[in-house]
């Protein structure tokens, strides 16, 4: 088991490393970024101005060095060993490129010795490995990415946790019941509904909800004053409102207000999860019910409820743990599509916004954390699987 | 001596196989036909296909024709164009005919789905069969890549890759006739058609692992079986064994995988386009039509339904067909 | 064998596709010479030196302008505007008709298909029988057109392409992502276009020097410096635009701009299409907002009042500010939020003109009111002076400068030379920081120190570099005198060279005094970038990222503040914002949020629930014509 764990952890590091280096490379070739639109204001930008602004975003350094600085905060200057400086003259980038007339190439290279003054410690990241996620470049220039992520995390959790709990409460019994009543009318309706639910695109589902519970009611409230129009998006209102004409006023920020805003996105997420989980549980339960020991238990004349609850259920839930564990990354990353549809100020929307506006440090930090969480969750799932199911051994 | 020894049994084998195969496929067809929802889905898919293929016949409007003389934009179904023609599904915010756009959007979305699925199955099947059959270091590398791709968060990575490649205006180095052909089919410029191919590439690269795992497992089991040993003893080349025996054996699960894959790709593509990093305007796709529909929802509540209904129909139908195929091909997995 | 080949093949295909997509940010294939591949090679003399054989011909450019129906373009993007407003959006020069520097009408080629066809016929581009595209010497008249993929631009582009097709000009459009078209090293910045459309934002100061002067043509050889991407060099126009930006009085400037605009109309290197329309809407319960083309309506926020006496005004915005530090933020959203705090350009720029910010300055420092003087000064070799190109240079032989009479002089190295020198007194009223400390002269000194520090993150230091000397008041008053370099004749000299003072006394969370914090760290200081102290009518109370930003009355502001609380809510989706305005969640939607999408508001406007003001925006769409081959 230890050897297995070590191997898996090693693989994990490699996965995270490869993903981050690949993303960094992609960003390196992408146009845009913090310098987009520099020429769109009517003012004079000299070559020196541009070089200085480039350097502010570390774009003067070659991308592999930028990557190592982002990853571990190195190189932050010449290599110092026992008081001696080495590699001070090594070229790590280009501050200003020469024009073709001047022969092309670089007229002002950046050497390791110049790095500390061009990129002083206060402006540099200590490295994401050490928990410094760097600074935002476009969305909130200069602000630490970590703080930005943390400011969005509560909103994401506010959606994810209730919908996960609800989905568990609804999905598990549904799946089990449907399996036990296989071939019944209920089972047939349920499987079809769950099937359709799990094959629908989430965001269209969200749009349908907004349409049905917000747009159509609010457009028809003149004729049908009893129609309730839910708020179509955002996390909370900014001023008092009514669900329908003549109803009590709801003040922004109150629990009722928060609840009403959560209602649609949480429902959408819950339905999707229920559809997937209950289908999974149903088939896993069916498989268990076909096993010999269940047949034996039944043959022994045990009551059906006992067979189901004691013997079958426990074993059917084991594979479900892996599925459950895989939702951990989602707690952090949020639901990109659902958050976008409902204009929910969570992580997923921040990520999408960072991509649209080319704020690479936010996007990279997001990918980095999400990848780590995904890999960890997979590993955790495997371990848990081995713990609860004695038949499985990793050696 | 070897020559005669190899040929005879194989011929027999082939005859046997063909006979068996025919009846087997007939059984599969019969079983599939019993799955009512799958049959309905198949019909729906065929209808939607036919509609998108017949787009120019069905709709008199051109895909991007902006009609600014129409004052009600977006306009409801039945809106009249400035020339007095009826827009059956109405017009969008630019006065473009929605029926035409939804049909061409279908062409784009479905073409992407088919290109991606065909390529990801091709890549997956060949890599999976090779790695399962030969083992050794290529297997190690391929398995590591598969594991790697399976352990990364798909949607965020898809988003980031796609958003960057869209921004770079990268063009795939494919022969001109491919882009020109696609451009004619989509009624777009070759550059726009090429952008669609870039999107396909991203989806293929991140999506071939399912088929590879299936095929690898199949090859692993089969390679140890007696008939492979005997084929080998008779001097059949490895290539022949893979192509004539291992891959055909894996075709059933691959078909199911492909059919479910079609649904998944349609969803992924529409999600990316909805978020603005997939198919770019003016080339329509169901996803980017939904995105623009959302901004006009309070004025035109029916707008999201125009691309949304076919999108849901297609994804659900592909899934049902996949489900039906699975039941038909593998009766042991009966629900 | 066979399988190995297959494996290699599939691996190769996969890799090739990955590499092909990743490693080749090819961009739009370099614009081929117009009219076909056979055009003259641009090999000798470097890039952008060979005149485009098609677009280099003024007749073709004139015909382009004559073939584009600007009214139809306007109608395509603003279908519900009334006829009067649509007319107000038309342009015939690079300046809006309401600008003081516009003295037209100018005879920029207007829409006239027949004239356009005639122009093309005369230029040798004839329409063969039965063809739809004109031909000259076997070349078809096919032009490549680039703009962004914004729906707005695609809309009017579609109409324009239709227009040009009617004249026998075929257009191949590319709707590129903005990050490519406006990228630092791609698209427009590399002149990668034949016809390229985008917008400029007009201001009270008409500027234009970086756009149209001969020495502002971006070329590989000058590091792509400048914004004259057409490659247009007309001596008369260039001199006029330089002089116009080197002259102090409005009257004298207007003369130069008039000369410039006449040349602009003659050469047709950039076709002004239309001014955008902007709408700002607010509930009729709200009184006070004055909608203006060049100033953010929030400048007089202190006067806004709700009919029911409510103490909170809610303003909807689609964009969220990126920082509360004006020096590094160029976003309109930042300016809109900051205007009532005094922390963003504390002067009023209404209706293309300048005025002091009430309560902060009594008057701008103009020559007319005696606060500024424009003296004659004798200069000699070795002095630092301002050159004709607008750069500080050491005066030596062959330096080109303007003398005291505004004439261009090439210095001979010895003889005496008299130049103009601006000396300006900037005076401010006593104001108090929102923590109760009065603003002191040290706060202005800190502003000079930080704004002129290259580490601060500011984009441009042109103003800082144009200063020769500063005298700070030592009598406790808020005043300083700036002596500019000889030759500096910046038209906006009456505005303080430093945007606003900084609270030098403020102690940061880590215990340092703001004055001691190096400029490099300011961008990340919470006290500067997030919750700065302010000295205007309002102060920033809290900023809930991604949701809203709350302003509160600055308790130490001497003037009146009608409504103590203002909440700026960030609503990315315009339609959602409109819905919130209609149902009363929001009191006002500012321009950049509403754009010109106001149709859903019309019923509420008719019922008297909303005020809607639609005005021509200073932002104008135009199509640049690249005169040279890449």
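Protein chains in written order, with this note's numbering: chain P, 44 to 438; chain A, 5 to 339; chain G, 219 to 848. Even for Gly, the Cβ is constructed at its ideal location relative to N, Cα and C.
Please confirm if residue 180 of chain A has its CB atom under 7 Å from at least one CB of chain P. In the second chain, counting from the first residue as 1, residue 180 of chain A sits at position 176. Closer than 7 Å: no.
For the alpha helix (DSSP H) containing residue 324 of chain A, name the first residue and the last one. The sequence position of residue 324 of chain A within the second chain is 320, counting from 1. Residue 324 of chain A -> alpha helix (DSSP H) spans 309–333.
Quick check: residue 544 of chain G and residue 562 of chain G, are their CB atoms within less than 7 Å of each other? The count along the third chain starts at 1 and reaches residue 544 of chain G at position 326. The count along the third chain starts at 1 and reaches residue 562 of chain G at position 344. Their beta carbons are under 7 Å apart, which means residue 544 of chain G touches residue 562 of chain G by this criterion.
Classify residue 281 of chain G as helix, strand or coil using the three-state DSSP reduction. Counting from one through the third chain, the residue named residue 281 of chain G turns up at place 63. Helix at residue 281 of chain G.
For residue 593 of chain G versus residue 556 of chain G, is the C-beta distance shorter than 7 Å? Position 375 of the third chain, counting from 1, holds the residue named residue 593 of chain G. Position 338 of the third chain, counting from 1, holds the residue named residue 556 of chain G. Cβ atoms of residue 593 of chain G and residue 556 of chain G: not closer than 7 Å.
Can at least three beta-carbon pairs, one atom from the segment 352–367 of chain G and one from the segment 386–403 of chain G, be found at a separation below 8 Å? yes
Flag this pair as yes or no: are the beta carbons of residue 103 of chain A and residue 114 of chain A separated by less than 7 Å? On the second chain, residue 103 of chain A is found 99 positions in, with the first residue counted as 1. On the second chain, residue 114 of chain A is found 110 positions in, with the first residue counted as 1. Cβ atoms of residue 103 of chain A and residue 114 of chain A: not closer than 7 Å.
Determine the chain G residues that contact residue 284 of chain P at a beta-carbon separation under 9 Å, and present them in chain order. Translated into positions along the first chain, residue 284 of chain P becomes position 241. What residue 284 of chain P touches in chain G: 801, 802 and 803.
Using a Cβ-Cβ cut-off of 7 Å, state whether residue 299 of chain A counts as contacting chain G. Here residue 299 of chain A is taken as the residue at index 295 of the second chain, counted from 1. Cβ-Cβ to chain G under 7 Å: yes for residue 299 of chain A.
When you compare the CB of residue 146 of chain P with every CB in chain A, is at least one pair closer than 7 Å? As a first step, residue 146 of chain P must be located in the first chain, where it is residue number 103. Chain A, which has no Cβ nearer than 7 Å to the Cβ of residue 146 of chain P, makes this no.
Are there three or more Cβ pairs, one per stretch, closer than 8 Å when the segment 630–638 of chain G is compared with the segment 718–735 of chain G? no
Mind checking residue 644 of chain G: buried by the 16 CB within 10 Å criterion, or exposed? By one-based count along the third chain, residue 644 of chain G stands at place 426. With 16 or more Cβ atoms within 10 Å of its Cβ, residue 644 of chain G is classed as buried.
Mapping the DSSP letters down to three states, classify residue 670 of chain G as helix, strand or coil. The residue labelled residue 670 of chain G in the question sits at position 452 within the third chain. Here residue 670 of chain G sits in coil by DSSP.
If contacts are defined as beta-carbon pairs under 8 Å, then residue 662 of chain G and residue 716 of chain G qualify, I think. What distance do you get, rounded to the angstrom? By one-based count along the third chain, residue 662 of chain G stands at place 444. By one-based count along the third chain, residue 716 of chain G stands at place 498. Right, their Cβ atoms sit about 7 Å apart.
Quick one, which of A:307, A:240 and A:123 has its alpha-carbon nearest residue 265 of chain A's? The residue you call residue 265 of chain A lines up with position 261 of the second chain. For the residues A:307, A:240 and A:123, the minimum Cα distance to residue 265 of chain A belongs to A:123.
Any beta-carbon of chain A closer than 7 Å to the one on residue 221 of chain G? In the third chain, residue 221 of chain G corresponds to position 3, counting from 1. With a pLDDT of 43 at residue 221 of chain G, under the threshold of 50, the modelled position of this residue cannot be trusted, and the question is left open.
Please report the Cβ distance between residue 311 of chain G and residue 329 of chain G, rounded to the nearest whole angstrom; I am assuming they are in contact, meaning their Cβ atoms lie under 8 Å. Taking the first residue of the third chain as 1, we reach residue 311 of chain G at position 93. Taking the first residue of the third chain as 1, we reach residue 329 of chain G at position 111. Not really, about 16 Å apart at Cβ, beyond 8 Å.
Other residues of its chain near residue 286 of chain A: CB distance less than 6 Å, five sequence neighbours each side excluded: On the second chain, residue 286 of chain A is found 282 positions in, with the first residue counted as 1. Only 68 meet the Cβ criterion.
Give every residue of the same chain whose Cβ lies closer than 8 Å to the Cβ of residue 336 of chain P, excluding the five residues on either side of it in the sequence, and list them in chain order. Working through the first chain from its first residue, we reach residue 336 of chain P at position 293. The residues are 354.
If I measure Cβ to Cβ from residue 536 of chain G and keep anything under 7 Å in the same chain, skipping five residues before and after, which residues do I get? On the third chain, residue 536 of chain G is found 318 positions in, with the first residue counted as 1. Hits under 7 Å: 789, 790, 792, 795, 810 and 811.
Quick one, which residues of the segment 58–90 of chain P are near chain A if we go by CB-CB under 8 Å, in chain order? 58, 61, 62, 66, 69, 70, 72, 73, 74 and 75
On the CB-based measure, 16 or more other CB atoms within 10 Å of its CB, does residue 44 of chain P come out buried or exposed? Along the first chain, read from residue 1 onward, the residue named residue 44 of chain P stands at position 1. With fewer than 16 other Cβ atoms within 10 Å, it is exposed.
Output, in sequence order along the chain, the residues in the segment 400–411 of chain P whose CB is closer than 8 Å to any CB in chain A. 401, 406, 409 and 410
Contact check, residue 352 of chain G vs residue 359 of chain G, beta carbons under 7 Å: Locating residue 352 of chain G in the third chain gives position 134, where the first residue counts as 1. Locating residue 359 of chain G in the third chain gives position 141, where the first residue counts as 1. In this structure, residue 359 of chain G lies closer than 7 Å to residue 352 of chain G by Cβ.
Taking residue 133 of chain A and residue 246 of chain A to be in contact with their CB atoms under 8 Å, please state how far apart those CB atoms are, rounded to whole angstroms. The residue labelled residue 133 of chain A in the question sits at position 129 within the second chain. The residue labelled residue 246 of chain A in the question sits at position 242 within the second chain. Yes, they are in contact, since the Cβ atoms of residue 133 of chain A and residue 246 of chain A sit about 5 Å apart, within 8 Å.
Just list the beta strand (DSSP E) runs in the segment 82–135 of chain A, keeping only unbroken ones of 3 residues or longer that don't cross its boundaries, in chain order. none
Alpha-carbon spacing of residue 110 of chain P relative to residue 116 of chain P, whole angstroms: Here the question's residue 110 of chain P lines up with position 67 in the first chain. Here the question's residue 116 of chain P lines up with position 73 in the first chain. Each residue's alpha carbon lies about 9 Å from the other.
To the nearest whole angstrom, what separates the beta carbons of residue 655 of chain G and residue 721 of chain G, a pair I think is in contact under 8 Å? For the purposes of this step, residue 655 of chain G is identified with residue 437 of the third chain, where counting begins at 1. For the purposes of this step, residue 721 of chain G is identified with residue 503 of the third chain, where counting begins at 1. Contact holds; Cβ gap of about 7 Å.
Does the beta carbon of residue 323 of chain A come closer than 7 Å to any beta carbon on chain P? Along the second chain, one-based indexing puts residue 323 of chain A at 319. At least one chain P Cβ lies under 7 Å of residue 323 of chain A.
Can you list the beta strand (DSSP E) stretches of 3 or more residues lying completely in the segment 180–225 of chain P, in chain order? none
For the 8 Å Cβ check, are there 3 or more pairs between the segment 414–421 of chain P and the segment 367–384 of chain P? yes
Does the separation of the CB atoms of residue 170 of chain G and residue 498 of chain G fall below 7 Å? Residue 170 of chain G falls outside the range modelled here, since chain G spans only 219 to 848, and no answer is possible.
Beta-bridge partners of residue 327 of chain P, as assigned by DSSP: Residue mapping note: residue 327 of chain P aligns to position 284 of the first chain, counting from 1. Residue 327 of chain P is not bridged to any residue.
Those residues which DSSP pairs with residue 363 of chain G across a bridge: On the third chain, position 145 is the one that residue 363 of chain G refers to. Paired residue(s): G:391 and G:413.
Who are the neighbours of residue 372 of chain G on chain A, taking C-beta pairs under 9 Å? Counted from its first residue, the third chain places residue 372 of chain G at position 154. Within chain A, the residues near residue 372 of chain G are 68, 70, 98, 285 and 286.
Status (buried if at least 16 other CB within 10 Å, exposed otherwise) for residue 404 of chain P: The sequence position of residue 404 of chain P within the first chain is 361, counting from 1. So residue 404 of chain P ends up on the buried side.
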